[in-house]
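Reviewing the structure listed below.
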Amino acid sequence: MDKNSLIGLGLIASILGIWLYFSGPSKEQIAKNKHIKDSIEVAQKNAAIEDSKKIASATKTVEDTLKAPVAINDSVKAAIIDDRYKDFSPAANGAEEVVTIENELIKAYVSTKGAKVFKVELKKYHRSGQTENLILFDKDSTNFSLKLDAYERSKILYTDSFYFKPSEKAITVSGATNKSITFKLETSKPGSYIEYAYSLKGNTYQLACEIRFVGMDKILSSNVDQMQLTWQMQMPSQEKHISKEKEAATAYFKFTIDEPDYINPRKTEDEEKSLNEAPVKWVAFKQQFFNATLIADNEFLKDGSFVRVSPRAKSETVVKYVTADLGVPFNHSPNEKFGMKFYFGPTHFNTLKTYGDDLEKMIPMGWSVFSYINKGMVVPLFNWLSSMNYGLVILILTLIVKIVLLPIAYKTYMSGARMRVLKPETEAINSKYANGGDPMKKQQETMALYRKAGVNPLSGCLPVLLQFPILIALFAFIPNSIELRQQGFLWADDLSTYDSIWTFGHISIIDSIYGDHVSLFAALMFVSTIIYTYMNSSMMAPQQGAQMPGMKFMMYFMPVIFLAVMNSYAAGLSWYYFLANMFTFLQNYIMKLIIADSKIRSQLEANMKKPAKVSNFQKRLEEMTKQRQQQVGSGKKK
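Be aware that the sequence shown starts at 212, since it is given in our numbering, and climbs by one per residue.
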């Protein structure tokens, strides 16, 4: 922009400013305008106050009108219900009633609203410290509902919204008797209804349920070939320690083609598992010692099926909340039915096995190899001696295990005794290489001595290795064994959970490692294990202890780790392990009395006079040792 342009703009701005000054209102005019504006604002405020009072008064009148009862005639009510439920409107209103179905073992309560089993009592069991029947689940903690997709998908209805008409008020069966009771969901369409038929026999934990669809092909959507059955349950605490229940409670399920599977019970967050891999045979809501299982006569459809487990970490009364959605087939026939069965009862191996469908496999038995120990020995023994106190049963179990392993225990003792009587020879070898001798040659001479005398220094590990599978099997089975539930022995009132002689309360660091109590059975197990470890280590040759200091530390450290675990574990397992140690002490003491060291020494001396037999393994070991020496020698020359 040039100089002339700037001068022009400056003149225009000056002229505009002078014009605004002389053409603006005077001071008197400004004051007058302000007075008028203030008057208008006051008038507006007064008008707003009056309007507020009128609105408040009108609002109160409306509220009073709404609070007053409104008379709606029956025809209007019927029109509203008909629009919402259509053909199901006859069942939309009613009074809820409770129907009972029972035999010698269970008592089931069925609500006419939804025809659902909302409460089950187990007559042979009770909670700790109580005498009343154990309640497996109760009202307001469960849901059982069938989703109805109707009128070409224009209406979604649920059976738990409707009132069913029962054929009877209660049924009771016993012995070989079998009775049924029906609940009918009527519709306004003639010949169309849904019916639930519950059947119960005497002396069984299984309640049969058949859902019948009559004339429903005229109501349910033609393009839908299945309905969703929703089953939900809130698991109540049944045991002495809810923390142990939360570690065991979960959902199991079985496809028609596979072994049963489950959701990890130690999950701390909600866990959902889709069941779309294959048709589903059954779904079980498993508590620590009891379960509620829904079993299809044929199969549940896989589409849309799932199970979900929701932990209740902070609750002191509710263990977990579980949900299952299962597909029920519908083929649009005038008459259809879908059969299934409920199992409401104990998670007892033989009991579940009698009902088939691999139900017994929801009981933890250990890994496949170890499970045979429980199935082949522990479970039959528990059943055989069920009339005895289970503390004594575990004692007999320990005695049987020790008798079975006695030949191996004998060989182990003899191996240790031979190493003990060879102490002069092993000390001579240690002295020979005490001042910086070649450790490889020392090891070779020691092994040559053992081989010549017929001693196997590793044989002492064999009994421990053979007992380990038994311990793992019992570790899985005993805390979930209903046989031990509420079975008292000595100072323990329940062998299925930990005993406590002193509960000292929560101490943050100690509680996370050891717990808030002292289990006497676990303490006895720990002390006896330390003594057993000391006795074993004292029988080892001196050079073994010197060459393996880390192993010696672990031998004493492992019982400490085991104590931290067993302090909050089932007292029955600690009792077994303590007995196993005590029987081992007794075995060794008796063998020491019977077998004199002088006889063992004479036998070893006779062995050493014979030509030593070298096995293929020993040959390979010696060859590897020679190669190692040659490598070390060539390295030194370089």
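For every residue, glycine included, the Cβ atom is placed at its ideal position computed from N, Cα and C.
Proximity below 9 angstroms, CB of residue i to CB of residue j
{"i": "Glu397", "j": "Lys548", "result": "no"}
{"i": "Thr504", "j": "Arg519", "result": "no"}
{"i": "Leu596", "j": "Val604", "result": "yes"}
{"i": "Ser432", "j": "Ala361", "result": "yes"}
{"i": "Ile607", "j": "Phe688", "result": "no"}
{"i": "Ser448", "j": "Glu456", "result": "yes"}
{"i": "Met438", "j": "Asp508", "result": "no"}
{"i": "Ile741", "j": "Asp727", "result": "no"}
{"i": "Asp436", "j": "His337", "result": "no"}
{"i": "Lys497", "j": "Thr562", "result": "no"}
{"i": "Val494", "j": "Tyr532", "result": "no"}
{"i": "Leu610", "j": "Glu636", "result": "no"}
{"i": "Leu685", "j": "Asn594", "result": "no"}
{"i": "Phe394", "j": "Phe299", "result": "no"}
Residue i to residue j span [Cα, whole Å]
{"i": "Ala782", "j": "Ile430", "result": "59 angstroms"}
{"i": "Tyr416", "j": "Ser730", "result": "36 angstroms"}
{"i": "Ala387", "j": "Lys318", "result": "17 angstroms"}
{"i": "Val273", "j": "Thr311", "result": "Because Val273 carries a pLDDT of 46, less than 50, the predicted location of this residue cannot be relied on, and the following value inherits that uncertainty. Val273 and Thr311: Cα-Cα distance of roughly 48 angstroms."}
{"i": "Pro301", "j": "Glu406", "result": "15 angstroms"}
{"i": "Tyr583", "j": "Thr565", "result": "19 angstroms"}
{"i": "Tyr601", "j": "Leu706", "result": "8 angstroms"}
{"i": "Gly538", "j": "Ser516", "result": "6 angstroms"}
{"i": "Tyr709", "j": "Phe500", "result": "16 angstroms"}
{"i": "Ser723", "j": "Ser779", "result": "11 angstroms"}
{"i": "Leu440", "j": "Glu363", "result": "19 angstroms"}
{"i": "Val612", "j": "Phe794", "result": "10 angstroms"}
{"i": "Phe375", "j": "Asn546", "result": "19 angstroms"}
{"i": "Val632", "j": "Asn799", "result": "16 angstroms"}
{"i": "Lys327", "j": "Ser410", "result": "14 angstroms"}
{"i": "Gln443", "j": "Gln341", "result": "27 angstroms"}
{"i": "Arg662", "j": "Ala639", "result": "17 angstroms"}
{"i": "Val309", "j": "Pro680", "result": "51 angstroms"}
{"i": "Gln758", "j": "Lys335", "result": "With a pLDDT of only 46 at Gln758, under the threshold of 50, the placement of this residue in the model should not be trusted; the figure read from the coordinates follows. About 59 angstroms."}
{"i": "Lys400", "j": "Lys478", "result": "49 angstroms"}
{"i": "Val738", "j": "Leu316", "result": "44 angstroms"}
{"i": "Gln755", "j": "Lys653", "result": "Because Gln755 sits at a pLDDT of 46, beneath the cut-off of 50, its placement in the model cannot be relied upon, and the following sentence gives the value as read from the coordinates. In a straight line, the C-alpha of Gln755 is about 12 angstroms away from that of Lys653."}
Proximity test, Cβ basis, 9 angstroms: residue i and chain C
{"i": "Asn502", "result": "Among the chains of the structure shown, chain C does not appear; only one protein chain is present."}
Limits of the unbroken beta strand (DSSP E) element including residue i
{"i": "Tyr409", "result": "404-412"}
{"i": "Lys318", "result": "317-322"}
{"i": "Ile367", "result": "366-369"}
{"i": "Val309", "result": "309-313"}
{"i": "Trp493", "result": "491-497"}
{"i": "Thr708", "result": "Taken as a continuous stretch (DSSP letters only), Thr708 belongs to no beta strand (DSSP E), as it is neither H nor E."}
{"i": "Ser485", "result": "482-485"}
{"i": "Gly700", "result": "For clarity, residue 700 is Phe in the given sequence; the question names Gly instead. Here Phe700 belongs to no beta strand (DSSP E), and DSSP marks it neither H nor E."}
{"i": "Ala462", "result": "461-466"}
{"i": "Glu332", "result": "327-333"}
Unbroken alpha helix (DSSP H) run spanning residue i, endpoints
{"i": "Phe560", "result": "560-565"}
{"i": "Asp428", "result": "It is not in any alpha helix (DSSP H) - Asp428 carries neither H nor E in the DSSP assignment."}
{"i": "Trp595", "result": "590-595"}
{"i": "Phe581", "result": "579-584"}
{"i": "Pro618", "result": "617-632"}
{"i": "Ile721", "result": "719-724"}
DSSP bridge partner residues for residue i (one or two, in chain order)
{"i": "Leu682", "result": "Its beta-bridge partners do not exist; DSSP assigns none."}
{"i": "Thr441", "result": "Ser356, Asp536"}
{"i": "Thr504", "result": "Ala495, Tyr554"}
{"i": "Ser391", "result": "Ser410"}
Next on the checklist: At 4 residues or longer, what runs of the alpha helix (DSSP H) sit wholly inside the segment 522-571?
Outcome noted: 560-565
Next on the checklist: Threshold first: 3 residues or longer. Then list the beta strand (DSSP E) segments lying entirely within the segment 342-389, N to C.
Outcome noted: 345-348, 353-361, 366-369, 381-383
Next on the checklist: Suppose only complete runs of 4+ residues qualify. What are the alpha helix (DSSP H) ranges in the segment 757-808, listed by chain order?
Outcome noted: Listed in chain order, the complete alpha helix (DSSP H) runs (minimum 4 residues) inside the segment 757-808 are 760-777, 782-805.
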